[in-house]
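Going down the list, the protein sequences come from chains A and B.
Numbering-wise, the first sequence is residues 8 to 127 according to our numbering.
Numbering-wise, the second sequence is residues 7 to 208 according to our numbering.
Written below as structure tokens is the structure these notes are about.
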Amino acid sequence: MKLYATLFTLLLLISGCASKSYVKFVDNSIEDVIEIKSVNNRVKENGFTEVQIKGENETDQYMLFRYRVTWEDKDGFEIPSLSSNWTEFPAHKNAMFRINIIGPSKKATEYQIYIDKDIK
Amino acid sequence: MNKIKLSLVVSTLSLLLLSGCAQKVTKIDVNNDTGEQVMGLDYRDFNQAAGEAVQSMLKSSALDKKNDKRHVLAISNVTNDTMQHIDTDQLVKKIRVELLNSGKVYVTTAIGNAEDKMNKEARALREDADFKQDTIAKEGTLIAPDMSLSGKILQRNININKDMQQVEYYFMLTLTEVKTGFAVWEGETLIGKRGSSKSVAW
Chain A
8 MKLYATLFTL LLLISGCASK SYVKFVDNSI EDVIEIKSVN NRVKENGFTE VQIKGENETD
68 QYMLFRYRVT WEDKDGFEIP SLSSNWTEFP AHKNAMFRIN IIGPSKKATE YQIYIDKDIK
Chain B
7 MNKIKLSLVV STLSLLLLSG CAQKVTKIDV NNDTGEQVMG LDYRDFNQAA GEAVQSMLKS
67 SALDKKNDKR HVLAISNVTN DTMQHIDTDQ LVKKIRVELL NSGKVYVTTA IGNAEDKMNK
127 EARALREDAD FKQDTIAKEG TLIAPDMSLS GKILQRNINI NKDMQQVEYY FMLTLTEVKT
187 GFAVWEGETL IGKRGSSKSV AW
């Protein structure tokens, strides 16, 4: 019985530690090129959610990527915004890059960021 | 009779040839447009410029107001200073929609470039006996703007050599506090294109 209780507690702990992935690579090959170091968010004084992604281009080449963000309200309904269009961002060789985005309204509390290779 | 037959054959052949040469029409997938860039401005450029402007405005807190109240925003002149026949509403409308949805502003259509003449026409009915007078807007009900959005889209052409040209487009926007006349936010997006001199940028 004690063993079951311990296993159950462990399971709870593990599931509690599993965090949602806020960044998704559209093309799997991007994983070999850039590494996401952190995804931070904060609620500003005006109630808007601000997100900052820090990553690193681990190659010896300057590269251009693109990202888009989908926003949802607390009930999981999508909030359309211009940030759901693809936006380019540069990643200089062997250097950190930052993506900084603000939610389209106070209602936008959940987000998902997609990163893809640029199509130029 | 032979002449008629001959003309029918020629007409049919011409039609077949023409339809064979016609380029197939495809619908643009605006969510993932992999089409070639053009030297002129297209919807992708307006999306980029509007998106950057709104992000910058919201990050700047220039539109924040006490007690979550909204500003009243008037659309002033946004000038097209390019060689292209574009309607600057392609840019302004996207910004208006996004700002309205942000909960930060109401856009007034009472004055400015977004003016809806019905605001005045509906009030002109005050003397018209055909209209139930208590359904007509009273005097002093319109709200004056406390913010104004103005700007310019600028184009600069540079010849790199006889075969290549560079076209720079500047999207310049200013948010002015009407009471003080201060520019409380300003933004600029540069979109640069390089291509054949034979490409037309207007």
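Where is the CB? At the ideal position from N, CA and C, for every residue including glycine.
These numbers come from a predicted model, not from an experiment.
Assigned secondary structure, residue i (DSSP; H/G/I helix, E/B strand, else coil)
{"i": "Ile92 (chain B)", "result": "coil"}
{"i": "Lys124 (chain A)", "result": "strand"}
{"i": "Ser45 (chain A)", "result": "strand"}
{"i": "Ile108 (chain A)", "result": "strand"}
{"i": "Asp87 (chain B)", "result": "strand"}
{"i": "Arg50 (chain B)", "result": "helix"}
{"i": "Glu42 (chain B)", "result": "coil"}
{"i": "Ile34 (chain B)", "result": "coil"}
{"i": "Asn35 (chain A)", "result": "helix"}
{"i": "Asn64 (chain A)", "result": "strand"}
{"i": "Lys204 (chain B)", "result": "coil"}
{"i": "Ala55 (chain B)", "result": "helix"}
{"i": "Glu52 (chain A)", "result": "coil"}
{"i": "Ile117 (chain B)", "result": "coil"}
{"i": "Val103 (chain B)", "result": "helix"}
{"i": "Val40 (chain A)", "result": "coil"}
Residue i, buried or exposed, once every other Cβ within 10 Å from all chains shown has been counted against 16
{"i": "Ile34 (chain B)", "result": "exposed"}
{"i": "Ala102 (chain A)", "result": "exposed"}
{"i": "Glu104 (chain B)", "result": "buried"}
{"i": "Gln68 (chain A)", "result": "exposed"}
{"i": "Ser45 (chain A)", "result": "exposed"}
{"i": "Tyr118 (chain A)", "result": "buried"}
{"i": "Asp87 (chain B)", "result": "exposed"}
{"i": "Pro151 (chain B)", "result": "buried"}
{"i": "Gly157 (chain B)", "result": "buried"}
Bridge-paired residues (DSSP) for residue i
{"i": "Pro97 (chain A)", "result": "A:Leu71"}
{"i": "Gln119 (chain A)", "result": "A:Thr77"}
{"i": "Gln61 (chain B)", "result": "Gln61 (chain B) is not bridged to any residue."}
{"i": "Tyr112 (chain B)", "result": "B:Val78"}
{"i": "Gln29 (chain B)", "result": "Its beta-bridge partners do not exist; DSSP assigns none."}
{"i": "Ala102 (chain A)", "result": "A:Asn64"}
{"i": "Gly198 (chain B)", "result": "B:Glu174"}
Straight-line gap, residue i to residue j (C-alpha atoms, nearest Å)
{"i": "Phe137 (chain B)", "j": "Leu148 (chain B)", "result": "20 angstroms"}
{"i": "Asn35 (chain A)", "j": "Tyr121 (chain A)", "result": "12 angstroms"}
{"i": "Val50 (chain A)", "j": "Glu57 (chain A)", "result": "6 angstroms"}
{"i": "Pro111 (chain A)", "j": "Gly57 (chain B)", "result": "10 angstroms"}
{"i": "Leu131 (chain B)", "j": "Lys123 (chain B)", "result": "13 angstroms"}
{"i": "Tyr176 (chain B)", "j": "Leu160 (chain B)", "result": "5 angstroms"}
{"i": "Asp123 (chain A)", "j": "Thr186 (chain B)", "result": "44 angstroms"}
{"i": "Phe72 (chain A)", "j": "Phe104 (chain A)", "result": "11 angstroms"}
{"i": "Lys71 (chain B)", "j": "Met153 (chain B)", "result": "12 angstroms"}
{"i": "Ser28 (chain A)", "j": "Leu64 (chain B)", "result": "25 angstroms"}
{"i": "Gly109 (chain B)", "j": "Lys113 (chain A)", "result": "8 angstroms"}
{"i": "Met178 (chain B)", "j": "Thr85 (chain B)", "result": "10 angstroms"}
{"i": "Val111 (chain B)", "j": "Asp74 (chain B)", "result": "10 angstroms"}
{"i": "Glu127 (chain B)", "j": "Ile117 (chain B)", "result": "13 angstroms"}
{"i": "Thr77 (chain A)", "j": "His91 (chain B)", "result": "33 angstroms"}
{"i": "Phe96 (chain A)", "j": "Arg75 (chain A)", "result": "11 angstroms"}
{"i": "Lys11 (chain B)", "j": "Val31 (chain B)", "result": "33 angstroms"}
{"i": "Ser202 (chain B)", "j": "His77 (chain B)", "result": "46 angstroms"}
{"i": "Val173 (chain B)", "j": "Lys144 (chain B)", "result": "51 angstroms"}
{"i": "Ala189 (chain B)", "j": "Thr180 (chain B)", "result": "6 angstroms"}
Scan the segment 122-195 of chain B and note each continuous alpha helix (DSSP H) run of 4 residues or more that stays entirely inside, going in chain order.
Counting only runs that start and end inside the segment 122-195 of chain B, the alpha helix (DSSP H) elements of at least 4 residues fall at 124-129.
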